[in-house]
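Participant: Submitted below is the structure of interest, expressed as structure tokens.
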Amino acid sequence: MSAESDKAPMEQAKQYWEQYAMLSQELLKFIGRQDIDEFLELVRQRNVLTDRMKALPETEFYRKTEACQELVKKIRPIDMQLIYKAKAWLNKSRRQNATVHAYDLQPFDPVGNILNRKY
């Protein structure tokens, strides 16, 4: 039996919410550093945690408590910043990718075609 299953379900729900808040703060830190690999790993971890939260019925009961409402108030602005920064990063990546492809001249490479001919 795992340590998780030994805990009271409400205590487990509380721990999940605290972990969610901590992961949200870490996500904000790593996207600010432009460490996208670590950011994506943390997103994966937070998604796994979210699935666990959904599987635990007590999560919704705990969410209605005063303590959880205070935690949610702290998480919301962090999530909004994450969304804003992730969209900004995505737009920047798309622009850089478009710029790189603008210089991709392989289909129109007349020099290469002339050099490859056998005379």
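If you read the sequence shown in our numbering, its first letter stands for residue 1157, the second for the next number, and so on. Even for Gly, the Cβ is constructed at its ideal location relative to N, Cα and C.
1) Just to confirm my understanding: we take Lys1241, look at its own chain, exclude 5 residues before and 5 after, and list those with CB closer than 6 Å. What are they?
2) For Glu1182, which residues of its own chain have a beta-carbon under 8 Å away from its beta-carbon, when the five flanking residues on both sides are left out?
3) Would you kindly work out how many angstroms separate the C-alpha atoms of Asn1253 and Ile1192, rounded to a whole number?
4) Using 8 Å as the threshold, is the segment 1213-1225 in touch with the segment 1161-1175, meaning 3 or more CB pairs across them?
5) Check whether the Cβ atoms of Leu1184 and Gln1201 sit closer than 8 Å, and answer yes or no.
6) Can you give me the C-alpha to C-alpha distance between Leu1227 and Asp1235, rounded to a whole angstrom?
7) Taking 8 Å as the limit between beta carbons, can you name the residues of its chain near Glu1174, skipping five residues before and five after?
8) Kindly indicate the opening and closing residues of the alpha helix (DSSP H) around Ala1177.
Facilitator: Concretely, from the data shown:
1) Ile1187
2) Leu1198
3) 16 Å
4) yes
5) no
6) 12 Å
7) Leu1227
8) Pro1165 to Gly1188
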